[in-house]
Amino acid sequence: MANTMEAVETVLLAEVFLSTFNIVLLSALTANYLKMTRKLSTPMTRSLLIFSSALTLYAVTSSPIIHYMLNINPINIGPLTYIPEIFVTIASLTLLYQNYR
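FYI, the numbering for the sequence shown is 1 to 101, going by UniProt numbering.
This is the structure:
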């Protein structure tokens, strides 16, 4: 039983870290795209702004911290709860790298 609780805590900590990291990355990316859209308003920059805003909202709403604050209990706890966060992290880092390159 103790090993199970430790595993659940580890998974939740990983998810909290990844979702918080994603929120920070995506907020920076959205702010940068907003600045770019103000300077150069093209369909591409507006699309990037919408894309990064949507990913930011996803990261915020999927955060375990928000779930805890809203008293939402997770039903399924396991690797599949944080693997999507890894993909969002990779996508965010790629966009951020391309943006500052």
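Where is the CB? At the ideal position from N, CA and C, for every residue including glycine.
Check	Outcome
Residue of Thr89, Tyr100, Leu96 and Tyr33 minimising C-alpha distance to Asn22	Thr89
Spatial neighbours of Ile66 in its chain, beta-carbon cut-off 6 Å, leaving aside the 5 residues before and after	none
DSSP state of Ser62 mapped onto helix, strand, coil	coil
Three-state class that DSSP yields for Thr42 in the structure shown	coil
Closest by C-alpha distance to Leu48, when choosing among Ser63, Leu29, Thr61 and Lys39	Leu29
When Tyr68, Pro64 and Ala31 are compared against Phe51, the one with the closest alpha-carbon	Ala31
Thr37 beta carbon near the ligand FMN (any heavy atom closer than 7 Å)	The ligand FMN is absent from the structure shown, which contains no ligands of any kind.
Among Tyr33, Leu18, Met5 and Val8, nearest to Gln98 - alpha-carbon criterion	Tyr33
Length of the line joining the Cα atoms of Leu25 and Thr56	9 Å
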